[in-house]
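Trainee:
Residue numbers (mature numbering (1 follows the signal peptide of the UniProt record, and there is no 0)): -21 to -1, 1 to 525.
1) According to the neighbour-count rule (16 or more other Cβ atoms, all chains shown, within 10 Å of its Cβ), is residue 266 buried or exposed?
2) Distance, Cα to Cα, residue 272 vs residue 396?
3) Which class does residue 408 belong to by DSSP, given the choice of helix, strand or coil?
4) When DSSP builds the beta bridges, which residues end up paired with residue 26?
5) Could you tell me which of 470, 477, 463 sits nearest to residue 510, measuring between CA atoms?
6) Answer with buried or exposed for residue 98, where buried requires no fewer than 16 other C-beta atoms within 10 angstroms of its C-beta.
7) For residue 34, is the classification buried or exposed, using 16 other Cβ atoms within 10 angstroms of its Cβ as the cut-off for buried?
8) To the nearest angstrom, how far is it from the Cα of residue 526 to the Cα of residue 82?
9) Identify, in the order they occur along the chain, each residue of the same chain with its Cβ nearer than 6 Å to the Cβ of residue 162, setting aside the five sequence neighbours on each side.
10) Is the stretch 69 to 80 close to the stretch 115 to 123, with three or more CB pairs under 8 Å?
11) Do the CB positions of residue 175 and residue 31 come within less than 8 Å of each other?
12) Please tell me whether residue 501 and residue 446 are closer than 8 Å, where the distance is taken between their beta carbons.
13) When the distance is taken between beta carbons, is residue 337 closer than 8 Å to residue 378?
14) Which stretch, first to last residue, makes up the beta strand (DSSP E) that contains residue 152?
15) Within this structure, are the beta carbons of residue 106 and residue 153 separated by less than 8 Å?
16) On a CA-only basis, which of 304, 454, 244 is nearest residue 470? Give me that one, please.
17) Let's see if you can read the secondary structure: which residues bound the alpha helix (DSSP H) around residue 449?
18) Roughly how many angstroms separate the alpha carbons of residue 493 and residue 426, rounded to a whole number?
19) Distance, Cα to Cα, residue 351 vs residue 314?
20) Report the residue from 150, 158, 17 whose alpha carbon sits nearest the alpha carbon of residue 37.
21) Residue 323 and residue 357 look like a contact to me (Cβ under 8 Å); what is the Cβ gap, rounded to whole Å?
22) What residues in its chain sit with their C-beta under 8 Å from that of residue 483, if we drop five residues either side in the sequence?
23) Would you give the residue range spanned by the alpha helix (DSSP H) that residue 391 belongs to?
24) Locate the beta strand (DSSP E) running through residue 329, then write down its first and last residues.
25) What are the uninterrupted segments assigned as alpha helix (DSSP H) that are 4 or more residues long and contained completely in the stretch 119 to 196, given in chain order?
26) Suppose contacts are defined by Cβ-Cβ distances below 8 Å. Is residue 530 in contact with residue 309 by that definition?
27) Classify residue 263 as helix, strand or coil using the three-state DSSP reduction.
28) For a test of the three-state rule: what should DSSP assign to residue 429, helix, strand or coil?
29) Given that a residue counts as buried once 16 or more other Cβ atoms are within 10 Å of its Cβ, and exposed if not, what is residue 372?
30) Considering just the uninterrupted stretch of the beta strand (DSSP E) at residue 272, what are its terminal residues?
31) Could you give the distance in angstroms between the alpha-carbon of residue 171 and the alpha-carbon of residue 374?
32) DSSP on residue 511, reduced to helix/strand/coil?
33) Assuming residue 90 is part of the alpha helix (DSSP H), what are its boundary residues?
34) Which residues in the same chain have their Cβ closer than 8 Å to the Cβ of residue 363, if we skip the five residues on either side of it in sequence?
35) Among residues of its own chain, excluding the 5 on either side of residue 183, which ones have a beta-carbon nearer than 6 Å to its beta-carbon?
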């Protein structure tokens, strides 16, 4: 018992530390009469640390001198994932530390103006990052999808007249304490594997893209500056307004016709790219969706700014089975960054966690409560695929979000069972919790151009049959307590290489090249029909509905 008590005390201490970890805000850099912004993205020098322990860069202090003096470097675009940029499989699948460097000139007036702060900001880098300027460490950050920054005024003014050499080391290794989690497994059978051989094990179904994924910016503020603001929004009669205080949002009378876009593309990976983002938003407008769910990580702030113009969504940090203290810190960073976006209608704290395990009750009680303390104006949920009777955390959320793949992972090929099983699923969850329900994932893989009649798995016809059977039940249950439906997935995406995936996950209704499958046409007709029937048209209803 003494050991158990000590563990609880240690956990509570960690939680208290997490609650105190973040001070101040992190407003998105925007130019104004008192602020300037310089984007230093573009081509950077890049080197992967291929040493057995992946630690040579730190042992040899690669940050102290130009990276090219430490060994061979290649050009690497920022923002982008590094995985698909070269023809080298070692780089595509690399796990460990990679090093980026770029020399930039800082405007002389910034250096000379002693009343100005000069800040270096990284939009996101996956997963753990250390940042140096002119060989001086200025900050480090844990987490792959949220921004971090450092005031570098002092460093630059000590070395004025020289270029600003920015060095960033990024490590994509996933452990049980990261979001998402993973494990490193060393293969010790010397008859099959060389010494030091290891693999990164994960339980998620997407490729572990890594690198500097969002823009790197230099910006200025006055020393006396606005650090943070808070705006709470309300929604009434299809009009968004703001005020200082607001009551929690009602979630009982909305109908969500939605999908789950993954802003992941060929070559760029998770790297932010304006043309591709605008293309995906135009596809969503064409379909008539009225919301989307982020999956399974916070998206770029620029995407939120696009969504503020008309697409509500739920914001999600990642997975379960992690250090609770770190998870609380991530939620603080997420809410701090996104709280003022009117498009954020709900906080999602996890995707398909191990919520049937006994510790999950305490874990999600703390996590949901902490998120509500950060923002009391929005509902909080997480996405579950657990059994309704054994889920330990659902009692604490405001909306039940359920993933299920009937006739795909369960009873594959038997679409005739969807109606019975889906009705049972909804009734079981509602009878136990009496809360509104969103079907947060459903779907089936379809290889574009593969056809079969009668429908068979992996054909476009089978995907549309699965969707239609789900829709028949949705149309019944949305008259009662089902308030939303989110197809998985918007577009095909890359995964790790396994015998169950042929060059990625094919559950998209669009291909990776953003060409529609038959399922996209089915959903387009459905979404616009529901909008017209309910009179709740998407903000972009000026687009033709044909």
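Backbone N, C-alpha and C define an ideal beta-carbon position, used for all residues, glycine too.
Mentor: Quick answer:
1) Within the chain shown, numbered from 1, the residue matching residue 266 stands at position 287. Answer is buried; the Cβ neighbour count reaches 16.
2) For this step, residue 272 is matched to residue 293 along the chain shown. For this step, residue 396 is matched to residue 417 along the chain shown. Distance between the alpha carbons of residue 272 and residue 396: 27 Å.
3) For the purposes of this step, residue 408 is taken as the residue at position 429 of the chain shown. Of the three classes helix, strand and coil, the one that applies to residue 408 here is helix, per DSSP.
4) Your numbering for residue 26 matches position 47 in the chain shown. Answer is 78.
5) As a working mapping, residue 510 is identified with position 531 in the chain shown. If we check each option's Cα against that of residue 510, 463 comes out closest.
6) By 1-based counting over the chain shown, the position of residue 98 is 119. Residue 98 comes out buried.
7) Position 55 of the chain shown, counted from the start, is the residue given in the question as residue 34. Burial call: exposed.
8) Since the displayed the chain opens at -21 and closes at 525, residue 526 lies outside it and no answer follows.
9) What you label residue 162 is simply residue 183 of the chain shown in a count that begins at 1. 180.
10) no
11) Translated into the one-based positions of the chain shown, residue 175 becomes position 196. Translated into the one-based positions of the chain shown, residue 31 becomes position 52. Yes, the Cβ-Cβ distance between residue 175 and residue 31 is below 8 Å.
12) Indexing the chain shown from 1 puts residue 501 at position 522. Indexing the chain shown from 1 puts residue 446 at position 467. Yes, the Cβ-Cβ distance between residue 501 and residue 446 is below 8 Å.
13) Indexing the chain shown from 1 puts residue 378 at position 399. Indexing the chain shown from 1 puts residue 337 at position 358. No, the pair does not count as a contact, with Cβ atoms beyond the cut-off.
14) Locating residue 152 in the chain shown gives position 173, where the first residue counts as 1. No beta strand (DSSP E) holds residue 152; DSSP gives it neither H nor E.
15) In the chain shown, residue 106 corresponds to position 127, counting from 1. In the chain shown, residue 153 corresponds to position 174, counting from 1. Contact: yes.
16) To locate residue 470, count along the chain shown from 1; it is residue 491. Checked all of 304, 454, 244; the closest Cα to residue 470 is 244.
17) In the chain shown, counting from the first residue as 1, residue 449 sits at position 470. That run of the alpha helix (DSSP H) goes 439 to 456.
18) Your numbering for residue 493 matches position 514 in the chain shown. Your numbering for residue 426 matches position 447 in the chain shown. One C-alpha to the other measures close to 13 Å.
19) On the chain shown, position 372 is the one that residue 351 refers to. On the chain shown, position 335 is the one that residue 314 refers to. Looking at the two C-alpha atoms, the distance is approximately 10 Å.
20) Here the question's residue 37 lines up with position 58 in the chain shown. It is 150.
21) Taking the chain shown and counting its residues from 1, one reaches residue 323 at position 344. Taking the chain shown and counting its residues from 1, one reaches residue 357 at position 378. Right, their Cβ atoms sit about 7 Å apart.
22) Taking the chain shown and counting its residues from 1, the one referred to as residue 483 is at position 504. For residue 483, where only same-chain residues beyond five positions count, the Cβ hits under 8 Å are 186, 471, 472, 473, 474, 491.
23) By one-based count along the chain shown, residue 391 stands at place 412. Looking at the DSSP string, residue 391 is not in any alpha helix (DSSP H), and its letter there is neither H nor E.
24) As a working note, residue 329 is residue 350 in the chain shown. Counting along the chain, the beta strand (DSSP E) containing residue 329 begins and ends at 323 to 330.
25) 132 to 137
26) No answer is possible for residue 530: the residues shown for the chain start at -21 and end at 525.
27) Reading the chain shown from its first residue, position 284 is the one you call residue 263. In this structure, residue 263 counts as helix in the three-state DSSP scheme.
28) Indexing the chain shown from 1 puts residue 429 at position 450. Residue state, collapsed to three classes: coil.
29) Taking the chain shown and counting its residues from 1, one reaches residue 372 at position 393. Residue 372 is buried by the Cβ-count criterion.
30) Along the chain shown, one-based indexing puts residue 272 at 293. Note, residue 272: beta strand (DSSP E), 270 to 272.
31) Against the chain shown, residue 171 aligns to sequence position 192. Against the chain shown, residue 374 aligns to sequence position 395. Taking the straight line joining both Cα atoms gives about 48 Å.
32) On the chain shown, residue 511 is found 532 positions in, with the first residue counted as 1. Looking at residue 511 - three-state DSSP - the assignment turns out to be helix.
33) Stepping through the chain shown from its first residue, residue 90 is reached at position 111. That run of the alpha helix (DSSP H) goes 87 to 91.
34) Looking up residue 363 in the chain shown gives position 384. 331, 332, 334, 370, 372, 373, 379, 380, 381, 382, listed in sequence order.
35) Residue mapping note: residue 183 aligns to position 204 of the chain shown, counting from 1. So the list reads 159, once near-sequence residues are dropped.
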